[in-house]
Amino acid sequence: MTRRALEQLVDKIAENGEILKQQERREDHNSLGSCLADLCRMNEDASKARLAVIDVFQARAIRALMNFGIPQLIPLHEPLAAIVLELLSGLGRDPLRRLIRYTVSYGFLQEVEPEMFGHTPLSALRVHDPVATRSCMWNLNVNPTASDNSRCAANVVYASPEKQVTNIWDYHRSNPKLRLGFHDYIKATTRSAYYSSLHTVRGLDWSTVQTLVDIGGSSSHVSMALTESHPHLHCIVEDLPDVISEGRRTLPPAYADKIEYLAHSFFEPQPVTSADCFLLRFILHKWSDENVCRIIANLSPALRPGVWVLIADIVVPEVGSSSGQVEAIVRYMDCRLLALFGGRERNKNDIVALVQGVDIRLVWKSCTQPEGSVASFLAFQCA
Numbered sequence: 045m046t047r048r049a050l051e052q053l054v055d056k057i058a059e060n061g062e063i064l065k066q067q068e069r070r071e072d073h074n075s076l077g078s079c080l081a082d083l084c085r086m087n088e089d090a091s092k093a094r095l096a097v098i099d100v101f102q103a104r105a106i107r108a109l110m111n112f113g114i115p116q117l118i119p120l121h122e123p124l125a126a127i128v129l130e131l132l133s134g135l136g137r138d139p140l141r142r143l144i145r146y147t148v149s150y151g152f153l154q155e156v157e158p159e160m161f162g163h164t165p166l167s168a169l170r171v172h173d174p175v176a177t178r179s180c181m182w183n184l185n186v187n188p189t190a191s192d193n194s195r196c197a198a199n200v201v202y203a204s205p206e207k208q209v210t211n212i213w214d215y216h217r218s219n220p221k222l223r224l225g226f227h228d229y230i231k232a233t234t235r236s237a238y239y240s241s242l243h244t245v246r247g248l249d250w251s252t253v254q255t256l257v258d259i260g261g262s263s264s265h266v267s268m269a270l271t272e273s274h275p276h277l278h279c280i281v282e283d284l285p286d287v288i289s290e291g292r293r294t295l296p297p298a299y300a301d302k303i304e305y306l307a308h309s310f311f312e313p314q315p316v317t318s319a320d321c322f323l324l325r326f327i328l329h330k331w332s333d334e335n336v337c338r339i340i341a342n343l344s345p346a347l348r349p350g351v352w353v354l355i356a357d358i359v360v361p362e363v364g365s366s367s368g369q370v371e372a373i374v375r376y377m378d379c380r381l382l383a384l385f386g387g388r389e390r391n392k393n394d395i396v397a398l399v400q401g402v403d404i405r406l407v408w409k410s411c412t413q414p415e416g417s418v419a420s421f422l423a424f425q426c427a
């Protein structure tokens with residue numbers, strides 16, 4: 045995909061994000077019940093906007109598989125093992141399974157049994173369509189086996205050494221209009237029923253926590269929800285300097301004595317050492333395993349016995365273990381993260397292994413998924 049084509053795609057996402065933002069302004073988010081009714085009340089334009097964003101990735105996921113000949117390798121009337129597809133296609137083990145399972149979630153292929161993939165009528169038809177083999181998902185164009193997460197599509201397309209731009213985050217900082225549209229899209233999405241910050245209120249027994257550090261907490265919408273439900277909480281919101289400045293400027297006066305802001309990058313050592321809990325909400329899935337380990341390592345020196353680390357992220361379910369709609373969203377998010385950031389959605393064991401591989405003191409205590417939430421909450425406590 046060319047730089048211009050990718051920019052057009054990002055513009056489309058930003059445009060649909062504006063529609064979702066306008067819908068959000070019309071919604072009442074004062075209660076969890078009202079949030080859970082969000083999708084039912086959504087007007088036609090907003091519904092189409094959300095579907096348009098997802099449809100882009102569904103089409104490109106199918107095209108990526110076609111480009112690597114995955115459907116063509118599978119016999120029409122019997123399944124084929126994933127390991128065989130990996131060997132025959134040359135596509136890496138991780139992206140192969142992630143792409144296939146994403147397409148399984150909306151009926152393109154099927155996982156007949158674990159690690160065995162077969163056709164549906166839709167995929168069988170596409171095997172005979174030569175046009176469908178001529179394009180490829182973003183990151184697979186620039187990194188044929190998707191084995192190097194640092195060369196995901198957005199990083200390569202937006203790279204501009206003379207402008208000190210090496211990835212999509214740098215590009216956003218250099219393009220205020222695009223950055224605003226992106227943040228509006230994320231804000232609208234995270235306040236929908238599936239991503240509502242109100243789910244975090246039920247993610248932990250907050251009665252035992254006095255001071256919370258909301259790492260990468262953006263405009264403090266999660267901290268506001270928490271302090272509203274648990275008035276005893278004091279929250280410290282950490283993010284990059286420009287985000288923190290905006291947060292301070294827009295914080296409602298009612299929260300002034302409950303929430304404070306601190307400019308900090310989670311790739312630097314954690315400066316707050318007196319907190320009872322550190323929250324990483326929708327942070328780790330945007331980063332590769334290597335960078336996740338860096339984030340946890342920088343947090344580790346601030347931990348003491350009894351301190352909680354709460355990770356709120358989408359946890360990849362076992363195939364068929366959740367509703368079709370939820371699984372489709374999870375698989376879509378996984379492939380979107382692969383393309384945009386080189387990140388990934390992980391299963392519970394992946395997250396536990398990464399965290400404990402960095403700091404063995406962090407004992408996994410629970411994994412809960414509040415009703416209506418696309419995210420699960422993994423609680424670790426420092427021993």
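The numbering used here puts the first residue of the sequence shown at 45, with every later residue one more than the last.
For glycine and all other residues, C-beta sits at the position ideal for the given N, C-alpha and C.
- Message: Helix, strand or coil for S420? Go by DSSP, reduced to three states.
- Response: Walking along the sequence shown from the start, residue 420 turns up at place 376. Here S420 sits in strand by DSSP.
- Can you name the residues that DSSP bridges to A307? Here residue 307 refers to the residue found at position 263 when the sequence shown is read from its first residue. In the DSSP output, where bridge partners are listed per residue, A307 has D283.
- From the DSSP output, read off the bridge partner residues of T255. The count along the sequence shown starts at 1 and reaches residue 255 at position 211. Per DSSP, H278.
- Query: Could you give the distance in angstroms between the alpha-carbon of T147 and the alpha-carbon of P123?
  - Reply: Along the sequence shown, read from residue 1 onward, the residue named residue 147 stands at position 103. Along the sequence shown, read from residue 1 onward, the residue named residue 123 stands at position 79. The alpha-carbon atoms of T147 and P123 are separated by roughly 15 Å.
- Message: Please classify A103 as buried or exposed, where buried requires at least 16 neighbouring CB atoms within 10 angstroms.
- Response: The sequence position of residue 103 within the sequence shown is 59, counting from 1. Looking at its Cβ environment, which holds fewer than 16 other Cβ atoms inside 10 Å, A103 is exposed.
- What does a CB cutoff of less than 7 Å around T271 pick up in its chain, not counting 5 residues either side in sequence? Counting from one through the sequence shown, the residue named residue 271 turns up at place 227. Counting only Cβ-Cβ distances below 7 Å, and skipping sequence neighbours, we find L277, C279, Y299, K302 and I303.
- Pull up the distance between the alpha-carbon of P285 and that of F152, whole angstroms please. For this step, residue 285 is matched to residue 241 along the sequence shown. For this step, residue 152 is matched to residue 108 along the sequence shown. Those two C-alpha atoms are separated by around 44 Å.
- Inter-residue spacing [alpha-carbon to alpha-carbon] between D249 and L242: Translated into positions along the sequence shown, residue 249 becomes position 205. Translated into positions along the sequence shown, residue 242 becomes position 198. If you take the alpha carbons of D249 and L242, they lie about 14 Å apart.
- Query: For Q425, which option in W352, L324 and A341 has the closest C-alpha, if you only look at C-alpha atoms?
  - Reply: Translated into the one-based positions of the sequence shown, residue 425 becomes position 381. Ranking W352, L324 and A341 by Cα distance to Q425 puts W352 first.
- Rounded straight-line distance, which links the Cα of G261 to that of R325: On the sequence shown, position 281 is the one that residue 325 refers to. On the sequence shown, position 217 is the one that residue 261 refers to. Computed Cα separation, rounded: 8 Å.
- Query: Taking DSSP as the reference, what is the three-state secondary structure of L242?
  - Reply: Counting from 1 along the sequence shown, the entry for residue 242 is found at position 198. L242 falls in the helix class under three-state DSSP.
- Item | Cβ shell of L290 (< 8 Å), same chain only, five flanking positions each side left out | For the purposes of this step, residue 290 is taken as the residue at position 246 of the sequence shown. Residue identity differs from the one stated: residue 290 is Glu in this sequence, not Leu. Only S263 meet the Cβ criterion.
- Item | For H163, the residue or residues it bridges with in DSSP | The count along the sequence shown starts at 1 and reaches residue 163 at position 119. Looking at the DSSP assignment, H163 forms a beta bridge with L153.
- Between which two residues does the alpha helix (DSSP H) carrying D333 extend? For the purposes of this step, residue 333 is taken as residue 289 along the sequence shown, with counting starting at 1. Where D333 is concerned, the enclosing alpha helix (DSSP H) stretches over D333 to L343.
- Query: Do you know how far the Cα of I259 is from the Cα of F385?
  - Reply: Taking the sequence shown and counting its residues from 1, one reaches residue 385 at position 341. Taking the sequence shown and counting its residues from 1, one reaches residue 259 at position 215. CA-to-CA, the gap between F385 and I259 works out to about 19 Å.
- Item | Rounded straight-line distance, which links the Cα of V253 to that of I373 | For this step, residue 373 is matched to residue 329 along the sequence shown. For this step, residue 253 is matched to residue 209 along the sequence shown. Rounded to whole angstroms, I373 to V253 spans 32 Å at the Cα level.
- Item | Span separating the alpha-carbon of R145 from that of F101 | To locate residue 145, count along the sequence shown from 1; it is residue 101. To locate residue 101, count along the sequence shown from 1; it is residue 57. Cα to Cα, R145 sits roughly 13 Å from F101.
- Just checking my contact of L143 with C411 at CB under 8 Å: how many whole Å lie between their CB atoms? One-based indexing of the sequence shown puts residue 143 at position 99. One-based indexing of the sequence shown puts residue 411 at position 367. That pair is no contact at about 25 Å.
- Message: Are there any heavy atoms of the ligand ATP lying less than 7 Å away from the beta-carbon of I114, as far as the coordinates show?
- Response: With respect to small molecules bound, the structure shown includes none, and the ligand ATP cannot be examined in it.
- Assigned secondary structure, F322 (DSSP; H/G/I helix, E/B strand, else coil): What you label residue 322 is simply residue 278 of the sequence shown in a count that begins at 1. It is a strand residue.
- According to DSSP, which residues form a beta bridge with C379? Mapped onto the sequence shown, residue 379 falls at position 335. Residue pairing by DSSP places C379 in no beta bridge whatsoever.
- Task: Would you grab the beta carbon distance between L328 and I339 for me? Rounded to a whole angstrom, and I think it's under 8 Å.
- Result: What you label residue 328 is simply residue 284 of the sequence shown in a count that begins at 1. What you label residue 339 is simply residue 295 of the sequence shown in a count that begins at 1. At roughly 7 Å, the Cβ-Cβ gap stays under 8 Å, so L328 and I339 are in contact.
- Proximity of R388 and L382 at Cβ, strictly below 8 Å: Stepping through the sequence shown from its first residue, residue 388 is reached at position 344. Stepping through the sequence shown from its first residue, residue 382 is reached at position 338. Yes; because the gap between Cβ atoms is below 8 Å, this pair is in contact.
- Item | Among V396, P115 and Y305, nearest to H163 - alpha-carbon criterion | To locate residue 163, count along the sequence shown from 1; it is residue 119. For the residues V396, P115 and Y305, the minimum Cα distance to H163 belongs to P115.
- Start and end residues, alpha helix (DSSP H) containing D394: The sequence position of residue 394 within the sequence shown is 350, counting from 1. Note, D394: alpha helix (DSSP H), K392 to V402.
- How would you call G31, buried or exposed, if buried means at least 16 neighbouring beta carbons within 10 angstroms? The requested residue 31 does not occur in the structure, where the chain is confined to residues 45 to 427.
- Got a sec, what are the start and stop residues for the beta strand (DSSP E) A300 sits in? Within the sequence shown, residue 300 is the residue found at index 256, counting from 1. Secondary structure note for A300: it is in no beta strand (DSSP E), with a DSSP letter that is neither H nor E.
- Quick one: measure Cβ to Cβ for I404 and I355, integer angstroms, because I've assumed they're closer than 8 Å. Your numbering for residue 404 matches position 360 in the sequence shown. Your numbering for residue 355 matches position 311 in the sequence shown. Your pair I404 and I355 does not check out as a contact, with CB atoms roughly 16 Å apart and the cut at 8 Å.
- Message: By alpha-carbon positions, which one of L120, S133 and R292 ends up nearest to M110?
- Response: Here the question's residue 110 lines up with position 66 in the sequence shown. Answer by Cα proximity: S133.
- P139, buried or exposed, once every other Cβ within 10 Å from all chains shown has been counted against 16: Position 95 of the sequence shown, counted from the start, is the residue given in the question as residue 139. So P139 ends up on the buried side.
- Along the alpha helix (DSSP H) that carries S267, what are the first and last residues, could you check? Locating residue 267 in the sequence shown gives position 223, counting from the first residue. Segment H265 to S273, the alpha helix (DSSP H) holding S267.
- Item | Boundaries (first-last residue) of the alpha helix (DSSP H) holding V128 | Here residue 128 refers to the residue found at position 84 of the sequence shown. Where V128 is concerned, the enclosing alpha helix (DSSP H) stretches over A126 to S133.
- Query: Comparing alpha-carbon positions, which option in A168, L166, R141 and Y150 lies nearest P158?
  - Reply: Residue numbering aside, residue 158 sits at position 114 when the sequence shown is read from its first letter. Among A168, L166, R141 and Y150, the Cα nearest to that of P158 is on R141.
- Query: Just the Cα atoms here: how many angstroms apart are Y239 and C321?
  - Reply: Taking the sequence shown and counting its residues from 1, one reaches residue 239 at position 195. Taking the sequence shown and counting its residues from 1, one reaches residue 321 at position 277. Rounded to the nearest angstrom, the two C-alpha atoms are 21 Å apart.
- Could you check which residue in L131, A125 and L166 has the C-alpha nearest to that of I106? Here residue 106 refers to the residue found at position 62 of the sequence shown. The residue with the shortest Cα to Cα distance from I106 is L166.
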